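Trainee: Just so you know, we're using this note's numbering here: the sequence shown kicks off at 19 and counts up by one.
Positions of the beta carbon are idealized from the N, C-alpha and C atoms, including for glycine.
Just so it is clear, the structure is predicted and the values come from calculations on it, not from any experiment.
Below: one structure in structure tokens.
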Amino acid sequence: MKNGISQSHRSLPRASIIMPAYNEGRVIGRCLEQLLKDAEPGEFDIVVVCNGCGDNTKEIASSFGPDVRVFNIAEASKTAALNYADRMARVFPRIYMDADLEVTTDAIRSLISALDKDTPAAIGFMDVETTGRSWMVRSFYHLWVLHPYLKRGKFGGIYALSQQGCELRGTYPDLIGDDAFVRNTFAPGQFVTVNECRFRVFPPYTVRDIFRIRSRVYLGNYQLRSFSRKTDHGPGSGTREWLQKVACHPETWLGLPVYLALNFAAKINALRLHRQSNYQWLRDDSSRTGAAG
């Protein structure tokens, strides 16, 4: 036995892990290596869907052996890739995760173990790796991680759904805010936050790319509000609680103008794009290339 998992041959994987990937050749190997580091053969059914890729994402993912099944679709769409992967996945529960982060085998196991008939969804906690970033980028994320929403877990990056959870969610609509759409599916009592699940994300190297991804977040929220009349089960603004936390961390005060200006500019940009119905996927490439230029 290792970590409570039998080393004998298993007839079915413990879970299907769904990973949409668009030109993630520089980072998907890092993700899969960490994910599979302590996994038993056949423990997970990993479904990578390359959507509109023009790089070597498929070749890198395929090099990890039979537990990683790689598919190609022509359309560069995360939600199309998610829906395709759901059709290809072999088992429930299902873990949905981005290809540019790091998570351990045990963290994934803890998400799986948290699901039951009364808990259709499970989330973990995000750690932000700011090594090598500029002072302005570090200052932004030192303030961002103080948001109370992140202290209660992150419904995005990685989340787990049981079969019931997948049925409640249904098919992913054509929205750029796919994580927010899933979060909005579940009332607070329908998902659990798993302390043992921590995953690491790699933020942009440039302020310009922070602006792009913050614009995408706000644009996705505007689009989702137009799409759905369901009650928003999101975390709320939490501005007062966040300001109280900032007040207790004077080392972050110097970066506050940068943080506020970037978010304000991103919100204005997102509103402009929303009014134009221009729901483009604004992506950070600097964290994938390691380039600050």
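Alpha carbon to alpha carbon, how far is residue 229 from residue 285? Give it in angstroms, no decimals.
Mentor: Distance between the alpha carbons of residue 285 and residue 229 is about 9 angstroms.
Trainee: Using DSSP with H/G/I as helix, E/B as strand and the rest coil, what is residue 74?
Mentor: Three-state result, residue 74: coil.
Trainee: Give the secondary structure of residue 201 by DSSP, where H, G and I count as helix, E and B as strand, and everything else as coil.
Mentor: DSSP, reduced to helix, strand and coil, places residue 201 within a helical segment of the structure shown.
Trainee: Flag this pair as touching only if the segment 210-220 and the segment 236-248 have three or more C-beta atom pairs under 8 angstroms; answer yes or no.
Mentor: no
Trainee: Tell me which residue opens and which closes the beta strand (DSSP E) that residue 308 is part of.
Mentor: Unbroken run through residue 308: none, as it is neither H nor E.
Trainee: By alpha-carbon positions, which one of 267, 85, 73 and 37 ends up nearest to residue 14?
Mentor: The chain is shown from 19 up to 311; residue 14 falls before or after that span and cannot be answered.
Trainee: Using the C-alpha atoms, what's the distance from residue 29 back to residue 288?
Mentor: 48 angstroms
Trainee: Hey, would you say residue 142 sits closer than 8 angstroms to residue 171, going by beta carbons?
Mentor: yes
Trainee: Please identify the residue among 35, 162, 72 and 222 whose C-alpha is closest to the C-alpha of residue 275.
Mentor: Answer by Cα proximity: 162.
Trainee: Provide the residue span of the beta strand (DSSP E) that contains residue 276, from first to last.
Mentor: From DSSP, residue 276 is part of no beta strand (DSSP E) but of the alpha helix (DSSP H) over 274-293.
Trainee: Thinking C-beta only, is residue 189 closer than 8 angstroms to residue 101?
Mentor: yes
Trainee: From this set, 150, 173, 146 and 169, which residue's C-alpha is nearest residue 160's C-alpha?
Mentor: 146
Trainee: Kindly identify the DSSP beta-bridge partner or partners of residue 63.
Mentor: In the DSSP assignment, the residues bridged to residue 63 are 34.
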